[in-house]
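As structure tokens, the structure follows; a few thoughts come after it.
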Amino acid sequence: MKRTFLITTLITVLLVSVLVTLLSLDKDQKLLSASELKESFKKVEDNGEFSFDSITNFEWDTLYLLTPYSSIDQIKDIRGIKNIDTNISESDSINLLVFSKENKVVTYLDFPRIYGDFAYVTQKQYERHKAVFILDRNEITINLKNKYK
């Protein structure tokens, strides 16, 4: 009887601990920060290539890039897109990077244009192996252009 009570108590404590842990996780956890991306750009020479595949440590298959004043509705078919907290449609100071896997948002990043400007990219959607950009530095900012057309 004591053994059954002990096992039941241990299982209950374990389940409560797991539940508390799951509930305390930040649903908008950023898997990539603006400062990490900025530091990665610093390591690339002028007119050098930069691949998002090389700096991400999470699973994703598609990168969506939205430039200033873009509507999030451009990628409305991605599950979880409505949960993104961004001012991209009203701001000219950020680019929105959305990483998805199997058509579901994995993470996203409002990336300040002063650290790297994606205004010159010619696409909005990139497969993981094609999310490669050329960095063009000037005195004010870094402009990124897509490598693959």
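Everything in the sequence shown is counted per UniProt numbering, starting at 1 for the first residue and increasing by one.
Even glycine gets a Cβ: it sits at the ideal position worked out from N, Cα and C.
Just to confirm before moving on: does the CB-CB distance between residue i and residue j stay below 8 Å?
i             : j              : result
leucine 96    : leucine 66     : yes
aspartate 117 : leucine 144    : yes
proline 68    : isoleucine 88  : yes
residue 221   : serine 33      : Residue 221 lies beyond the residue range present for the chain, which begins at 1 and ends at 149; the question has no answer from this structure.
glutamine 123 : asparagine 103 : no
aspartate 136 : asparagine 47  : yes
histidine 129 : aspartate 53   : yes
Mind reading off the beta-carbon distance from residue i to residue j? Whole number of angstroms is fine, and I expect it under 8 Å.
i            : j              : result
leucine 37   : valine 106     : Contact flag wrong, Cβ pair sits at about 15 Å.
serine 51    : alanine 119    : Contact flag wrong, Cβ pair sits at about 20 Å.
glutamate 49 : isoleucine 142 : Not really, about 13 Å apart at Cβ, beyond 8 Å.
Between residue i and the rest of its own chain, which residues show a CB-CB distance below 8 Å, the 5 nearest in sequence each way excluded?
i                : result
isoleucine 94    : Pro68, Thr86, Asn87, Ile88, Asp110, Phe111, Pro112 and Arg113
phenylalanine 41 : Phe50, Tyr115, Gly116, Leu135 and Ile142
arginine 3       : none
Note the first and the last residue of the continuous alpha helix (DSSP H) segment covering residue i.
i             : result
glutamate 139 : Per DSSP, glutamate 139 belongs to no alpha helix (DSSP H) and is neither H nor E.
lysine 38     : 34 to 42
Ignore the nearest five residues each way along the sequence and tell me which others in residue i's own chain have a CB closer than 7 Å to its CB.
i             : result
isoleucine 75 : Tyr64, Ile81 and Val98
arginine 79   : Asn103, Lys104 and Val105
glutamine 125 : Thr62 and Tyr64
If I measure Cβ to Cβ from residue i and keep anything under 6 Å in the same chain, skipping five residues before and after, which residues do I get?
i             : result
isoleucine 84 : Tyr108
serine 71     : Ser89
tyrosine 148  : Lys130
aspartate 92  : Pro68
From which residue to which residue does the beta strand (DSSP E) around residue i run?
i                : result
glutamate 45     : Segment: none, glutamate 45 is in no beta strand (DSSP E) and carries neither H nor E.
glutamate 59     : Segment: none, glutamate 59 is in no beta strand (DSSP E) and carries neither H nor E.
phenylalanine 52 : Note, phenylalanine 52: premise wrong, no beta strand (DSSP E); not H, not E.
glutamine 125    : 125 to 127
Sequence ranges, beta strand (DSSP E) only - wholly within the stretch 70 to 103, length at least 3: Counting only runs of 3 or more, we get 94 to 101.
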